[in-house]
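Structure first, commentary second.
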Amino acid sequence: MSTYIPPGWTPERLETATAADLQTLPEEQLALIPLASIPITNRDARKFLKQFQISHADLVQRERLGLPPLPPSQPREQQPPAPREEAPEQFVQVVEEKRLDDFGFVVFRTTYTNEQAWERWQKEYDDLLEKSMDDCQGGGVQRVREKLLSSLVDDSDLDGMGLEGIPSAFAEIRENGDVPPGLDVGMCMVVDEAAMRSLLEPVEGQEPWVWAVDVHHEFTENQDESEYPGYFKVAISSLVPDLWPMLAGPEMPPQELWPFARPIWKSAV
1 MSTYIPPGWT
11 PERLETATAA
21 DLQTLPEEQL
31 ALIPLASIPI
41 TNRDARKFLK
51 QFQISHADLV
61 QRERLGLPPL
71 PPSQPREQQP
81 PAPREEAPEQ
91 FVQVVEEKRL
101 DDFGFVVFRT
111 TYTNEQAWER
121 WQKEYDDLLE
131 KSMDDCQGGG
141 VQRVREKLLS
151 SLVDDSDLDG
161 MGLEGIPSAF
171 AEIRENGDVP
181 PGLDVGMCMV
191 VDEAAMRSLL
201 EPVEGQEPWV
211 WAVDVHHEFT
221 ENQDESEYPG
231 YFKVAISSLV
241 PDLWPMLAGP
251 EMPPQELWPF
261 ARPIWKSAV
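The structure is reproduced here in structure tokens:
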């Protein structure tokens with residue numbers, strides 16, 4: 001995990017920094033600070049850093065594409081009065097700023113013992129994704145709702161495949177041009193027997209989940225359990241509003257999100 005600390009700062013100062021403290025840092029330093037460096041309990045500082053990194057990533061992307069920066073807004077006194085609008089959800093902001101036609105995740109199926117259960121799972125999974133968008137407090141959801149795409153990889157050759165085999169399977173379909181930009185976000189989802197059961201046979205107090213797999217991770221044998229494994233469980237209800245914009249917006253490495261899977265990842269804020 002990145003351990004970048006701004007010059008003159010200490011890890012302890014970064015952990016206890018306020019949003020106002022962070023605003024004193026140059027943008028190039030703010031862009032390098034891992035969100036995981038700030039405890040989840042320090043909500044204001046984490047919120048500021050997360051929003052900055054999403055906006056900064058968009059600016060970098062525009063420069064990479066040769067596009068000019070967005071024009072500055074007019075002074076308030078020159079602007080005509082306008083009705084107040086809700087700030088867009090973060091995933092809405094990313095979809096619209098990147099002008100994506102689709103967004104979401106590639107989903108690999110690795111259990112093939114029960115077709116009826118699979119059909120049920122797909123329906124309940126889609127319903128849960130829709131509900132997660134209905135529950136969003138920000139604006140703009142209806143503008144991008146129809147762009148949500150779950151690209152299901154349903155191939156019996158994947159039956160019983162372990163998570164360590166998924167990156168190569170993802171690379172293959174990516175090379176074939178079957179991964180749209182809005183789904184090429186560094187992680188894909190995997191549904192095995194345990195993940196399917198978490199949705200179809202829910203346990204009280206535990207949210208249904210899927211495996212999130214880092215498609216760039218190099219799996220090794222005899223890996224230390226304390227090390228980043230290259231995957232973690234993520235709540236289905238958090239896929240759209242929380243995980244996707246973290247990966248697609250500031251393009252946060254999955255390794256920096258992993259510490260918040262306790263044991264199921266729901267948010268990094």
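Numbering follows UniProt numbering, in which position 54 of the sequence shown is assigned residue number 54; successive positions increment by one, without gaps.
Note that CB positions come from ideal geometry on N, CA and C, so glycine has one too.
Bounds of the beta strand (DSSP E) holding Ala-235 are 231-235. Distance from the CA of Asp-159 to the CA of Thr-111, rounded to the nearest whole angstrom, comes to 5 Å. Under the DSSP assignment, Ser-150 falls in the beta strand (DSSP E) whose first and last residues are 148-153. A direct Cα-Cα distance of roughly 7 Å separates His-217 from Pro-167. Ser-267 and Asn-114 have their C-alpha atoms spaced approximately 32 Å apart.
Nearest Cα to Leu-257 within the set Val-203, Glu-15, Ile-38, Asp-21: Ile-38.
In this structure, Asp-102 places its C-beta atom within 7 Å of the C-beta atom of Gly-182. Distance from the CA of Arg-109 to the CA of Leu-200, rounded to the nearest whole angstrom, comes to 15 Å. Taking each of Leu-148, Val-190, Val-203 in turn and checking the Cα distance to Pro-180, the smallest one comes out for Leu-148. Beta-bridge partners of Arg-109 (DSSP): Val-191. Annotated three-state conformation of Trp-209 is strand, per DSSP. With a cutoff of 7 Å on beta-carbon distance, Leu-152 and Val-107 are scored as near each other.
In the three-state scheme derived from DSSP, where H, G and I count as helix and E and B as strand, Phe-103 is classed as strand.
Taken through DSSP and simplified to helix, strand or coil, Gly-8 comes out as coil. Pairing Gly-138 with Glu-96 gives a Cβ-Cβ distance that is not under 7 Å. Nearest C-alpha to Trp-121 among Ile-236, Phe-52, Gly-104: Ile-236.
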